[in-house]
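Residue numbers for the sequence shown follow the working numbering, beginning at 187 and rising by one.
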Amino acid sequence: MVSAKMEEALNAQVNKEMYSAYLYMSMSAFAESMGYKGIATWFMVQYHEEMVHAMKIYEYIIRVGKKVVLNTIEQPPSQFDSVQDMFRNALKHEQYITESINNLVDLAISEKDHATKIFLDWYVTEQVEEEESVNDILQKLDLIGENGNALYMLNKEIGARTVNVALDYSRGVENGSQGGA
Ligand code: FEO
């Protein structure tokens, strides 16, 4: 049995994951505006992953007989000082999401809600990966420093990232829709 308190907390997490998607979409747009196509692709792939994170919780709320309540999504920043600044913000955000997931797990444990606890385990593991991937890029950016050529190469390297979800807008809506809309 999922409590009303847990239902509310899960709905709040849907909103946070939707904000994450919105934030990374904004970072993708910023990278596009700077001419970093590869970095823009990386963030657009991240956008899709966040949509999946949101949708998994959305579906779980429905499966356990509770109600999805969508809230206002906060406006993300649209301007960053540099590529480094963008990834630093991304890491900070992922750390915040990790804390939020940990709080949800704590709530599930305190309420003896084993089903939700098991459901949330996937997110605990996923957050390790989320922080790791951003950290990895940040380390490379630190090594690159002001080297424009190296940044160009990194832009190319991380632009190879692809999406594994059913609907892929990372290469444009027309190319990414599987099954049409
Ligand atoms: Fe949904 Fe990037 O955490």
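Built from N, CA and C at the ideal position, the CB exists for glycine as well.
Using the Cα positions of residue i and residue j, report the straight-line distance between them to the nearest angstrom.
{"i": "E318", "j": "K253", "result": "33 Å"}
{"i": "A367", "j": "S296", "result": "Note that A367 scores 37 on pLDDT, short of 50, meaning its location in the model is unreliable; the coordinates nonetheless yield the value given after this. Their backbone Cα atoms lie some 43 Å apart in a straight line."}
{"i": "A276", "j": "V320", "result": "7 Å"}
{"i": "A217", "j": "A336", "result": "16 Å"}
{"i": "N341", "j": "Y244", "result": "33 Å"}
{"i": "H234", "j": "A240", "result": "10 Å"}
{"i": "Q301", "j": "Y222", "result": "Before going further, note that residue 301 is Ala rather than Gln in the sequence given. Going by the C-alpha atoms only, they are around 43 Å apart."}
{"i": "R249", "j": "V231", "result": "27 Å"}
{"i": "K303", "j": "Y338", "result": "43 Å"}
{"i": "Q199", "j": "S189", "result": "15 Å"}
Let me know the secondary structure DSSP gives residue i once reduced to three states.
{"i": "G221", "result": "coil"}
{"i": "K252", "result": "coil"}
{"i": "I243", "result": "helix"}
{"i": "N216", "result": "Reading off the sequence, residue 216 comes out as Phe, not Asn. Three-state DSSP puts F216 in a helix."}
{"i": "F229", "result": "helix"}
{"i": "V188", "result": "coil"}
{"i": "S206", "result": "helix"}
{"i": "Q261", "result": "coil"}
Please list the terminal residues of the continuous alpha helix (DSSP H) segment that includes residue i.
{"i": "G345", "result": "G345 -> no alpha helix (DSSP H), and no H or E assigned at all."}
{"i": "S286", "result": "269-296"}
{"i": "E312", "result": "300-330"}
For the candidate residues the options, whose alpha-carbon lies nearest to that of residue i?
{"i": "Q265", "options": "A190, Q281, S212", "result": "S212"}
{"i": "E316", "options": "L306, A240, Q281", "result": "Q281"}
{"i": "Y246", "options": "M192, W228, Q232", "result": "M192"}
{"i": "K326", "options": "K298, V291, V269, D292", "result": "V269"}
{"i": "E203", "options": "G221, N257, S214, S189", "result": "N257"}
{"i": "N350", "options": "A294, V238, V291, A226", "result": "V238"}
{"i": "E194", "options": "S219, M230, N289, K223", "result": "N289"}
{"i": "K344", "options": "H279, L306, R249, G224", "result": "Correcting the residue type first, residue 344 is Ile in the shown sequence and not Lys. It is G224 whose Cα lies nearest to the Cα of I344."}
{"i": "A346", "options": "I323, F305, K278, W228", "result": "W228"}
{"i": "M272", "options": "M220, S286, N197, L196", "result": "M220"}
{"i": "V255", "options": "N201, M187, D322, D299", "result": "N201"}
{"i": "R274", "options": "I283, L324, K242, V291", "result": "L324"}
Please determine whether the Cβ atom of residue i lies at a distance below 7 Å from any heavy atom of the ligand GTP.
{"i": "S214", "result": "Among the ligands present in this structure, namely the ligand FEO, the ligand GTP is not found."}
Are at least three pairs of beta-carbons, each pair with one atom in the region 330-337 and one in the region 297-316, less than 8 Å apart?
Between the region 330-337 and the region 297-316, the count of C-beta pairs closer than 8 Å stays below three; the two stretches do not touch.
The region 192-208 in contact with the region 254-270 per 3-pair CB rule at 8 Å: yes
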